[in-house]
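Following: one structure in structure tokens, then a few remarks.
In my numbering, the protein residues as written are 295 to 537.
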């Protein structure tokens, strides 16, 4: 992938500036669920996956191995997708029983996440839809289906949509704010050329690349207020592979 991206180069005299939100999905989950453990980790600037592993495995953060952290990362994202023991066991490369234990421990320590998940499923059953914090809705009439597979799929969507939906809303706000920034301060010297999930890529004249990078970081981090810090990582390079 890096080799392919390296083929996309900035024009002569220009650089590519990539700005992506750091772990925005989990930050949004912490914001919506108000989970104490997750919010504290982000407020302190901790490695959320290492913190998760230390809680679930009942060890100090310094004792967490890279494999433990990798598994915790799978679970941090997998649980937001509504994955069960079988799916998480396969994704993390562990046994079914270990995955079941991990889920139980996870939901005990991150009780706010569990309450959020339960409330989203209940709300979807009552109203027939879920929505982002900014009011964008996804209708889920199938959540009351007699077919368990169909209703279970809708439950997973009810959990995930408010999180990924707000993430997408924030990225859209960032795109609008970035366009305003360019119009006000970098007219003719910078342009947005690509948006990929939680990342924005710009082509910028080398003479203003550093100042633009600083400005776009501040812009993206201030477009929406979460209960935890919203962080954007910025990098520069001559080609897409370098950023």
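Each residue gets a CB set at the ideal place from its N, CA and C atoms; glycine is no exception.
Does DSSP classify residue 306 as helix, strand or coil?
Correct three-state label for residue 306: coil.
Closest residue to residue 307 among 484, 515 and 378 (Cα-Cα distance)
With distances taken between Cα atoms, residue 307 lies closest to 484.
What residue from 297, 526, 383 and 354 has the CA that sits closest to residue 495's CA?
Closest option to residue 495, Cα to Cα, is 526.
Where in the region 303 to 358 do unbroken runs of the alpha helix (DSSP H), each at least 4 residues long, occur, reported from the N-terminal end onward?
Correct list: 318 to 327, 330 to 337 and 342 to 351.
Going straight from the alpha carbon of residue 297 to that of residue 531, what length do you get?
Using only the alpha carbons, I get a separation of about 14 Å.
Please name the residue in 321, 444 and 447 whose C-alpha comes closest to that of residue 407.
The shortest Cα separation from residue 407 among 321, 444 and 447 belongs to 321.
Every unbroken beta strand (DSSP E) inside the region 407 to 441 [3 residues or more]
Uninterrupted beta strand (DSSP E) stretches at least 3 residues long and entirely within the region 407 to 441 occur at 423 to 425 and 431 to 433, given in chain order.
Tell me whether residue 385 sits in a helix, a strand or coil according to DSSP, three-state version.
In this structure, residue 385 counts as helix in the three-state DSSP scheme.
Secondary structure of residue 396, DSSP reduced to three states
For residue 396, the secondary structure class from DSSP, reduced to helix, strand or coil, is helix.
Please state whether DSSP places residue 506 in a helix, a strand or coil.
In the three-state DSSP reduction, residue 506 falls in the helix class (H, G or I).
So is residue 444 buried or exposed if we call it buried at 16+ other beta carbons inside 10 Å?
That one is exposed.
Counted within 10 angstroms of its Cβ, other Cβ atoms place residue 398 as buried (16 or more) or exposed
Answer is exposed; the Cβ neighbour count stays below 16.
Between the beta-carbon of residue 362 and the beta-carbon of residue 347, is there less than 7 Å?
In terms of Cβ geometry, residue 362 and residue 347 form a close pair [threshold 7 Å].
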